[in-house]
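J.:
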Amino acid sequence: MKQKVYISAPGLFTPLGIGALHNFSEIKSGKSGIRYHKNASISSEPFYAAMIPNSVVDATFNKLGNPNVFTKLEKMMLVAATETIKKSLANISERTLLLVATTKGNVDTLSNKSNFGNSRAYLPELAQTVADFLEIKTTPVVVSNACVSGILAVAVAKKLVAYGVYDNVLIVSGDLISQFTFSGFNSFQALSDMPCKPYSKNRNGITIGEAAASVYISKVKPNKNAIEIVGDGSCNDANHISGPSRTGDGLLKSVEAALEEAALTPEQIDFISAHGTATMYNDEMEAMAFNRAHLQHTPLHSLKGVFGHTLGASGLLEAIIAMEMMNQETLLPSVGFDALGVSQPLQIIEKLKKQTIKTCLKTASGFGGCNTAVLFKKVS
């Protein structure tokens, strides 16, 4: 019989600091990780982004090991994962899987300025480096599916635990800002010249960010603040390599599949943690999909105005903040939103508000037409 599966023990390393509680508090107080940067190694022109200074990463990791033998991304991931391991009830064993979710991994090691060999850019090597440090003996698995990677990893882990393939799964997700990622989005003319404004009529593109996030997925129910993963769905709309379906087909099918598995109706969803990249096509596609799913009246936000778009880490990072919202019964606003800029109605959260949140829908979409939806439910 399929087991109930729970998500717990979140770990975070973002431009706002360490830990889910700290990050939640910073957002609640109105802070954002997005800053104006001048970094010639990334861009010849100044830019807005949410970045963690190398000095902060090294100083934080120095408590765990030698920062000189690990890449920036590895250090970020290990800081987050170590927090999760310390907080979790699940013990690492021969039936524990490490699942690493990332879009670009150590792509910065391909630079001529890198102190690491090119093979460090291989995703299996990144995953094995993390596994060795954490002393996880099973062969790690990598989920790299554009910007749905982090939340898709939750769906994958849920199935592996529910059907007894593993007792528990440690998910570690992360991506960083590099010349490669910056120039890639810049070539699409997708970067905003101001902090991004998801769903706003005044938006003009994304702001990129970097972060690492981690959680435990297990059949062991936490003693408090138990959150069950009750449904998931994933669908590729195959519309275009970089443009989503204009009608939201893939996201709609993902949401419908998650609702069906969870045996929930749209009216029973209390909150949506949406993707909300602040590009014209993505935001419009989401508005179409949520209306077609009869979720246009459900409170919704995007956290891209706080953390920027952290690529493969975004889905898990934003799910962790959503979990904290459920625990603290607080709706966080969609930072950067001012006036609705999509053709379909959406219930964008504009102000901090106390509200009971028993169910949360987390969605993400990405290049290649990928879409994922995961439903979380708070249980007593």
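Read in full-length UniProt numbering, the sequence shown has 3 at position 3, and its numbers run on one by one without any break.
Glycine is no exception: its CB is placed at the ideal position from the N, C-alpha and C atoms.
#1: Are the beta-carbon atoms belonging to C196 and A319 less than 8 Å from one another?
#2: What is the DSSP secondary structure of H240, counted as helix, strand or coil?
#3: Looking at C-alpha atoms only, which residue of C235, G184, H22, E329 is the closest neighbour of V148?
#4: According to DSSP, is V374 part of a helix, a strand, or is it coil?
#5: Taking the straight line between their C-alpha atoms, what separation do you get for F337 and E350?
#6: Please give the ranges of any beta strand (DSSP E) in the stretch 47-111, keeping only runs that are unbroken, at least 3 residues long and fully inside the region.
#7: If we count the other Cβ atoms within 10 Å of its Cβ and call it buried at 16 or more, is V69 buried or exposed?
#8: Please identify the residue among G243, V56, S200 whose C-alpha is closest to the C-alpha of Q344.
#9: Hey, L16 and G30 are a contact pair by Cβ (cut 8 Å); roughly how many whole angstroms apart?
#10: Run the CB neighbour count on R246, radius 10 Å, all protein chains shown included, and call it buried at 16 or more, exposed below.
#11: Please specify which runs of the beta strand (DSSP E), each continuous and at least 3 residues long, are wholly inside the stretch 176-222, giving them in chain order.
#12: Starting from P140 and walking both ways along the beta strand (DSSP E), at which residues does that stretch end?
#13: Answer yes or no: do Y275 and E284 have a C-beta to C-beta separation smaller than 8 Å?
#14: Between which two residues does the beta strand (DSSP E) containing F116 stretch?
#15: May I ask you to report which of helix, strand or coil DSSP gives A20?
#16: Which of the three DSSP states is assigned to D338 in this structure?
#17: Roughly how many angstroms separate the alpha carbons of K113 and P140, rounded to a whole number?
#18: Go through the stretch 283-334 residue by residue and report every complete run of the beta strand (DSSP E) that reaches 3 residues or more, in order.
#19: Would you report the Cα separation of F271 and S334, rounded to the nearest angstrom?
#20: Between G184, V374, V220, which lies nearest to Q3 when the distance is taken from Cα to Cα?
#21: Could you have a look at G174 and say whether DSSP puts it in helix, strand or coil?
#22: Between S302, F180, G312, Y6, which has its C-alpha nearest Q347's C-alpha?
#23: Out of I241, R203, A322, M325, point me to the one whose CA is closest to M280's CA.
#24: For Y281, which three-state DSSP category applies?
#25: Quick check on the DSSP output: the alpha helix (DSSP H) that includes K253 runs from which residue to which?
T.: In short, the structure shows the following:
#1: In this structure, A319 does not lie closer than 8 Å to C196 by Cβ.
#2: Look at H240 here: in three-state DSSP terms it is coil, with no helix or strand label.
#3: Here the closest residue by C-alpha is C235.
#4: Assignment of V374 by DSSP, reduced to helix, strand and coil, places it in the strand class.
#5: Straight across, the Cα-Cα distance linking F337 with E350 is about 7 Å.
#6: Whole beta strand (DSSP E) segments, 3+ residues: 47-50, 96-101.
#7: By the 16-neighbour rule on beta-carbons within 10 angstroms, V69 is exposed.
#8: With distances taken between Cα atoms, Q344 lies closest to S200.
#9: Not really, about 11 Å apart at Cβ, beyond 8 Å.
#10: By the neighbour-count rule (16 or more Cβ atoms within 10 Å), R246 is not buried but exposed.
#11: Here the runs fully enclosed are 211-218.
#12: Unbroken run through P140: none, as it is neither H nor E.
#13: Looking at the sequence itself, residue 275 is His, so the reference to Tyr does not match. For the 8 Å CB-CB criterion, H275 and E284 do not form a contact.
#14: F116 -> no beta strand (DSSP E), and no H or E assigned at all.
#15: Helix at A20.
#16: D338: coil per DSSP, three-state reduction.
#17: Each residue's alpha carbon lies about 29 Å from the other.
#18: Secondary structure remark: continuous beta strand (DSSP E) runs of at least 3 residues inside the stretch 283-334, in chain order: 299-301.
#19: About 12 Å.
#20: Of the listed residues, the one whose Cα sits closest to Q3 is V220.
#21: Strand at G174.
#22: The residue with the shortest Cα to Cα distance from Q347 is S302.
#23: Ranked by Cα distance from M280, the options I241, R203, A322, M325 are led by R203.
#24: Here Y281 sits in helix by DSSP.
#25: Start and end: 249-262.
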